[in-house]
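Residue numbers (the numbering used here), protein chains in the order written: chain S, 977 to 1260; chain W, 180 to 337.
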């Protein structure tokens, strides 16, 4: 019964504004071209304004102000612009407070932006071809929490007791009591919004890198970024760090102790700027 | 006053409340001398500075082995004495089944224990490990400290 309600609610979740939705689809699709992106942005004043605001935020520290989408692409490269567009378009639902997870307004969004930026850092390191796909997937991976939050709140005592006493991960406890977990629900949302299969797979498996084959690095990268974010305590809620760790991921990515610590140091340096980026993307 | 990741604050202003939010695998160390009403709060992220000597010079509080001595020295400058200090340690959480080098929380705590043992520092209260994130707060005027762990409300710990 509860599961039916959850699925029903998922069907009602609107995919932001139509142009932002189209943009997220294009950004997350490896087959899209620069032209597709420019085509959408340039005819939408609000999107253009938002993109330029983010480009001119202190995060990039650009010497000259950017005035056009074309200029942004020239300065930052199209892949970065695509990631920024995702930040500018993806926050509507994720910015809200998620009471079930004890996340105040803006906290889930901060977590999403932070883990997307770490994903970007790692994707570039592993020379992944579709950085913007990974970035967008990392940004939207917790969309399932937006729907599940209310139900988690109702059964919070049961869920947290199972986590504490039975050794379940928070996600396993979600599944036990609600019949579905936030990752699977997120994948359903992504499919319903007609995102690419690659994006649906990343969102659905972002806590389960053990489910994917050896050839694909995208899920291990997004998973690892999520772990780093949790360890650094960015935007953590009532689920804390209660997710499973898979040692094989670091081995598969040849990610050493020094790599881990340096990534954390690099990202810690950027934290203030991330905060500015999060605020700039409010579109206010 | 908010203490960020890899940051530290000390104060003898009775109006000040020191707080650090959302400690994951990082460790929060809070020290307080009730005689002179001096308190300090450190939020370090990694155990040892040897991973990055350049950063250590600019941000010693990012690492336990440089941040912890720095915290104590800064409170001494305001009149605190080691033998009067109340010491609180929280954080060092881990992801479920986390092992080996990835377990920064455990390594952060091991470093602290080693350092405290060597320097004869006793811990008054600690809440370390597990899979929860923590928020730590100290009221400098009264020395009262508070802890919030994920899934629970704020509780007084000292």
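For glycine and all other residues, C-beta sits at the position ideal for the given N, C-alpha and C. Please read all numbers here as calculations on a predicted model, not as lab measurements.
Beta carbon proximity, residue i to chain W, threshold 8 Å
i	result
residue 1113 of chain S	no
residue 1237 of chain S	yes
residue 1078 of chain S	yes
residue 1054 of chain S	no
residue 1219 of chain S	yes
residue 1260 of chain S	Caution is warranted here: a pLDDT of 44 is assigned to residue 1260 of chain S, below 50, making its placement in the model unreliable, and the coordinate value is therefore given only provisionally. With 8 Å as the cut-off, residue 1260 of chain S does not count as an interface residue toward chain W.
residue 1223 of chain S	yes
residue 1214 of chain S	yes
residue 1118 of chain S	no
Limits of the alpha helix (DSSP H) - the one that residue i falls within
i	result
residue 249 of chain W	243-256
residue 205 of chain W	Careful: residue 205 of chain W lies outside any alpha helix (DSSP H) and carries neither H nor E.
residue 995 of chain S	994-1003
residue 1010 of chain S	1010-1018
Where residue i falls: helix, strand or coil (DSSP)
i	result
residue 1117 of chain S	coil
residue 1142 of chain S	helix
residue 1231 of chain S	coil
residue 1107 of chain S	helix
residue 1122 of chain S	helix
residue 237 of chain W	helix
residue 327 of chain W	strand
residue 985 of chain S	helix
residue 1087 of chain S	helix
is_contact[residue i, chain S] using C-beta, thresh 8 Å
i	result
residue 280 of chain W	yes
residue 225 of chain W	yes
residue 267 of chain W	no
residue 340 of chain W	Missing from the structure shown is residue 340 of chain W; chain W here goes from 180 to 337 and no further.
residue 272 of chain W	yes
residue 198 of chain W	no
residue 312 of chain W	yes
Of the residues the options, the one placed nearest residue i, counting alpha carbons only
i	options	result
residue 226 of chain W	S:1028, S:1094, S:1241 and S:1253	S:1241
residue 197 of chain W	W:337, W:295 and W:324	W:324
residue 1148 of chain S	S:1166, S:1210, S:1111 and S:1183	S:1183
residue 1107 of chain S	S:1114, S:1117 and S:1096	S:1096
residue 989 of chain S	S:1230, S:1245 and S:1165	S:1165
residue 1172 of chain S	S:1153, S:1112 and S:1209	S:1112
residue 1015 of chain S	S:1061, S:1032, S:985 and S:1030	S:1061
N-terminal and C-terminal residue of the beta strand (DSSP E) that residue i is part of
i	result
residue 318 of chain W	313-318
residue 1169 of chain S	That residue, residue 1169 of chain S, is in no beta strand (DSSP E); it is neither H nor E in DSSP.
residue 1193 of chain S	Segment: none, residue 1193 of chain S is in no beta strand (DSSP E) and carries neither H nor E.
residue 265 of chain W	264-270
residue 223 of chain W	217-223
residue 304 of chain W	304-307
residue 334 of chain W	333-335
So does the stretch 1177-1188 of chain S actually touch the stretch 1204-1215 of chain S, counting three or more Cβ pairs closer than 8 Å?
The stretch 1177-1188 of chain S, when compared against the stretch 1204-1215 of chain S, does not touch it at the 8 Å Cβ threshold.
Answer yes if the stretch 211-225 of chain W comes into contact with the stretch 183-197 of chain W, meaning at least three C-beta pairs across the two stretches below 8 Å, and no otherwise.
Touching, yes, given that three or more Cβ pairs across the two stretches are closer than 8 Å.
Mind the definition here: the stretch 1128-1142 of chain S touches the stretch 1198-1213 of chain S only if three or more C-beta pairs lie below 8 Å; say whether that holds.
Because the criterion of three Cβ pairs below 8 Å is not met, the stretch 1128-1142 of chain S and the stretch 1198-1213 of chain S do not touch.
Taking three-plus beta-carbon pairs below 8 Å as touching, is the stretch 233-242 of chain W in contact with the stretch 251-270 of chain W?
Flag = no, the stretch 233-242 of chain W and the stretch 251-270 of chain W do not touch.
So, do the stretch 1046-1057 of chain S and the stretch 1083-1095 of chain S have three or more beta carbon pairs nearer to each other than 8 Å?
Three or more Cβ pairs closer than 8 Å define a contact, and the stretch 1046-1057 of chain S falls short of that threshold against the stretch 1083-1095 of chain S.
Inter-stretch contact (C-beta, 8 Å, three-pair minimum) for the stretch 306-315 of chain W and the stretch 272-279 of chain W:
Contact between the stretch 306-315 of chain W and the stretch 272-279 of chain W is present, with at least three C-beta pairs closer than 8 Å.
Inter-stretch contact (C-beta, 8 Å, three-pair minimum) for the stretch 1020-1035 of chain S and the stretch 1125-1139 of chain S:
No, the stretch 1020-1035 of chain S does not touch the stretch 1125-1139 of chain S.
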